[in-house]
Amino acid sequence: MAAPKTQNTAIVWFRDDLRLADNEALAAALSTGGPLLCVYILEDGTAGFRPLGGAARWWLHHSLQALGQDIAAKGGRLDLFCGEARRILPALAEAAGARIICWTRRYGGPEMAVDAALKAQFKTSGVEAKSFNGHLLHEPWDITRGDGHGFAVYTPYWRAASAAAQVGEPLPAPDRLPAAPIPRGALRTTSIEALALLPEKPDWAGGLRAAWRPGENGAQERLKAFLEGEIASYSLERNRPSADAVSRLSPHLRFGEIGPRQIFAAVRTAWDNAAQKGGVKFLAELGWREFNYHLSFYHPDAARQNIQRRFDKMPWREPAPRELSAWQRGETGYPLIDAGMRELWATGYMHNRVRMVVASFLIKHLLIDWRIGENWFWDTLCDADPANNPMNWQWVAGSGADAAPYFRIFNPVLQGEKFDAAGDYVRRWIPELAKLPNKWIHKPFAAPPALLRGAGVELGKNYPRPIVDLAEGRARALAAFEKVKG
Numbered sequence: 001m002a003a004p005k006t007q008n009t010a011i012v013w014f015r016d017d018l019r020l021a022d023n024e025a026l027a028a029a030l031s032t033g034g035p036l037l038c039v040y041i042l043e044d045g046t047a048g049f050r051p052l053g054g055a056a057r058w059w060l061h062h063s064l065q066a067l068g069q070d071i072a073a074k075g076g077r078l079d080l081f082c083g084e085a086r087r088i089l090p091a092l093a094e095a096a097g098a099r100i101i102c103w104t105r106r107y108g109g110p111e112m113a114v115d116a117a118l119k120a121q122f123k124t125s126g127v128e129a130k131s132f133n134g135h136l137l138h139e140p141w142d143i144t145r146g147d148g149h150g151f152a153v154y155t156p157y158w159r160a161a162s163a164a165a166q167v168g169e170p171l172p173a174p175d176r177l178p179a180a181p182i183p184r185g186a187l188r189t190t191s192i193e194a195l196a197l198l199p200e201k202p203d204w205a206g207g208l209r210a211a212w213r214p215g216e217n218g219a220q221e222r223l224k225a226f227l228e229g230e231i232a233s234y235s236l237e238r239n240r241p242s243a244d245a246v247s248r249l250s251p252h253l254r255f256g257e258i259g260p261r262q263i264f265a266a267v268r269t270a271w272d273n274a275a276q277k278g279g280v281k282f283l284a285e286l287g288w289r290e291f292n293y294h295l296s297f298y299h300p301d302a303a304r305q306n307i308q309r310r311f312d313k314m315p316w317r318e319p320a321p322r323e324l325s326a327w328q329r330g331e332t333g334y335p336l337i338d339a340g341m342r343e344l345w346a347t348g349y350m351h352n353r354v355r356m357v358v359a360s361f362l363i364k365h366l367l368i369d370w371r372i373g374e375n376w377f378w379d380t381l382c383d384a385d386p387a388n389n390p391m392n393w394q395w396v397a398g399s400g401a402d403a404a405p406y407f408r409i410f411n412p413v414l415q416g417e418k419f420d421a422a423g424d425y426v427r428r429w430i431p432e433l434a435k436l437p438n439k440w441i442h443k444p445f446a447a448p449p450a451l452l453r454g455a456g457v458e459l460g461k462n463y464p465r466p467i468v469d470l471a472e473g474r475a476r477a478l479a480a481f482e483k484v485k486g
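Per UniProt numbering, the very first residue in the sequence shown carries number 1; after that it's consecutive.
Below, the structure is given as structure tokens:
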């Protein structure tokens with residue numbers, strides 16, 4: 001039996017906005033003055049939805065755990081469900097006698113279709129459904145060219161976005177969250193353990209546990225540390241993978257433990273003459289994330305389809321099993337590539353400069369379809385983002401809207417010598433090369449045999465020989481590109 005709509009219950013549906021501060025959906029539900037049902041639905045199995053990868057599922061477990069604790073500390077309760085939102089939410093609203101349901105918008109095609117169907121369904125049952133922007137500085141449809149169409153190039157996009165209406169001030173976290181009683185007859189809630197988000201056999205997440213603190217408090221701590229330290233050198237040091245010069249906020253942003261409006265406001269408030277240059281560059285990188293969501297809105301199938309359809313004719317090679325596994329395991333024989341892939345496996349993260357180089361190596365030197373690499377990153381990155389991940393892979397592949405030219409091929413040796421000149425990054429993740437001099441740390445295959453022996457390096461035994469010749473791989477890639485040039 002449905003509860004009468006007399007207690008003014010409001011439902012807050014958390015999705016990729018797992019925070020209490022600057023959460024307009026939460027604030028709108030609170031403004032009704034009634035008790036709240038705070039819910040999260042793991043939408044596994046929903047048609048068209050891309051299942052989360054392993055590292056993202058690990059992060060989600062801990063983020064939900066942190067959110068539940070934060071809500072409980074303010075008198076509320078986070079109820080967990082698993083299944084299809086189109087089935088769960090209407091049943092929950094009817095049983096609770098809810099008058100309103102609020103959520104933060106999402107921008108994937110299948111997700112937007114579910115949300116639109118829910119709004120229509122709630123309208124017929126007399127429940128008000130309200131959605132809010134909490135994931136972006138600007139909605140994808142609000143920044144357009146003079147002809148009303150979306151942008152395809154980053155620089156004019158960010159120029160237009162920067163000139164758009166001022167980004168509002170973030171909302172504070174609420175002081176109290178009055179909990180509605182669990183409605184009778186509603187679908188049963190589930191436990192966080194029953195969601196089965198954590199790896200068990202084997203438990204490969206030890207490095208992730210050591211590297212991260214998921215949750216809203218962890219996000220705020222990371223932002224504070226960045227603003228007090230790394231941002232001052234960000235514009236100069238951000239490309240050095242061994243430097244502690246980047247924000248490492250990307251997983252927190254991915255799950256909405258912190259919102260872009262909070263970051264934008266904090267950077268603008270904190271910067272002074274020392275940090276201003278770094279702040280401007282950092283906000284431009286936040287703008288790249290905005291641009292990727294803008295592109296994704298207009299190209300919702302970008303994880304599967306080339307944005308530039310001429311790349312459908314690209315003669316990708318069928319990867320040999322050893323070739324692909326060598327890339328995945330960090331055993332290619334090119335130290336910068338291998339260090340990046342080992343960092344990824346250990347921590348669920350990789351420095352952005354190295355991400356570009358390892359992606360270029362797979363796509364161009366090995367001529368392997370970018371979607372294979374994108375899928376691997378989707379499974380292993382804590383910050384695997386539905387817009388950033390495919391758009392950045394398409395950028396490297398040359399098939400994206402505003403893409404690097406296909407003939408731009410990163411040389412992993414030269415990139416290592418330029419951005420890891422002292423070899424600190426390589427030595428951290430490939431200790432078997434630690435005793436090599438800087439001159440050879442990025443090209444052990446070219447080092448004199450006596451020097452290798454003295455450093456304890458045995459190519460083909462404790463460190464692999466290169467799986468592809470760089471010059472040959474480059475030539476093969478350029479020949480392939482000739483077949484799709486427009």
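Where is the CB? At the ideal position from N, CA and C, for every residue including glycine.
- Counted as a single uninterrupted DSSP element, the beta strand (DSSP E) harbouring LEU42 occupies residues 36 to 42.
- Leaving aside the five residues that flank LEU60 on each side, the residues in its chain whose CB is nearer than 6 Å to its CB run, in chain order, LEU197.
- THR9 places its beta carbon less than 7 Å from that of ALA98.
- Taking C-beta atoms under 8 Å as the contact rule, GLU432 and ASN462 qualify, at a distance of about 5 Å.
- Per DSSP, the beta-bridge partners of CYS102 are VAL12, LYS130.
- Going by beta carbons, THR189 and ASP17 fall outside the 7 Å limit.
- In this structure, PRO170 places its C-beta atom within 7 Å of the C-beta atom of GLN262.
- Taking 7 Å as the cut-off, the Cβ atoms of ILE71 and LEU187 do not count as close.
- Contact fails between the segment 336 to 356 and the segment 308 to 316, because fewer than three Cβ pairs, one in each stretch, are under 8 Å apart.
- From the listed residues LEU451, PHE264, GLY68, the smallest Cα separation to ALA179 is found for GLY68.
- Runs of the beta strand (DSSP E) lying entirely within the segment 176 to 240, each at least 3 residues long, are absent.
- Looking at the DSSP output, TYR463 shares a beta bridge with LEU459.
- Contact annotation: ARG240 and PHE419 have beta-carbon atoms nearer than 7 Å.
- Residues ILE143 of the same chain have their beta carbon placed closer than 6 Å to that of ALA160, with the five preceding and five following residues left out of the count.
- A residue is called buried when at least 16 other Cβ atoms come within 10 angstroms of its Cβ; ALA479 does not meet this threshold and is exposed.
- With respect to the 7 Å criterion, VAL457 and PRO437 are not classified as neighbours on the basis of their beta carbons.
- Nearest to ARG329 by C-alpha distance, out of GLN121, GLY207, GLU318, LEU344, is LEU344.
- For LEU436, there is no enclosing beta strand (DSSP E), as DSSP marks it with neither H nor E.
- Each residue's CA atom was taken as its position, placing GLU221 and VAL127 some 38 Å apart.
- The beta strand (DSSP E) runs of length 3 or more contained entirely in the segment 312 to 368 do not exist; there are none.
- A straight-line Cα-Cα distance of about 8 Å links GLU139 and HIS294.
- Shown here, LEU249 sits in coil according to DSSP, grouped into three states, outside any helix or strand.
- Non-local C-beta neighbours of VAL246 in its own chain, meaning closer than 6 Å and more than five positions away in sequence, comprise ARG238, ordered along the chain.
- Judged by DSSP secondary structure, ASP424 falls within the alpha helix (DSSP H) whose first and last residues are 424 to 429.
- In this structure CYS38 is not in contact with GLY75, their Cβ atoms being roughly 11 Å apart against a cut-off of 8 Å.
- Distances from the alpha-carbon of GLY54 to those of SER233, GLU331, ALA205 put ALA205 closest.
- In the three-state DSSP reduction, ASP79 falls in the strand class (E or B).
- Cβ-Cβ distances below 7 Å link ARG476 to LEU367 in the same chain, with the five nearest sequence neighbours on each side left out; the list follows chain order.
- For ARG322, the closest C-alpha among the options ILE467, TYR40, THR124, ILE100 is that of ILE467.
- With 16 or more other Cβ atoms inside 10 Å of its own Cβ, TRP158 counts as buried.
- In the three-state scheme derived from DSSP, where H, G and I count as helix and E and B as strand, ARG304 is classed as coil.
- By the C-beta density criterion, GLN166 is exposed, having fewer than 16 other C-beta atoms within 10 angstroms.
- Take the alpha-carbon of SER63 and the one of GLY215: they are about 5 Å apart.
- A contact is defined here as three or more CB-CB pairs under 8 Å, and the segment 28 to 35 fails this definition with respect to the segment 110 to 125.
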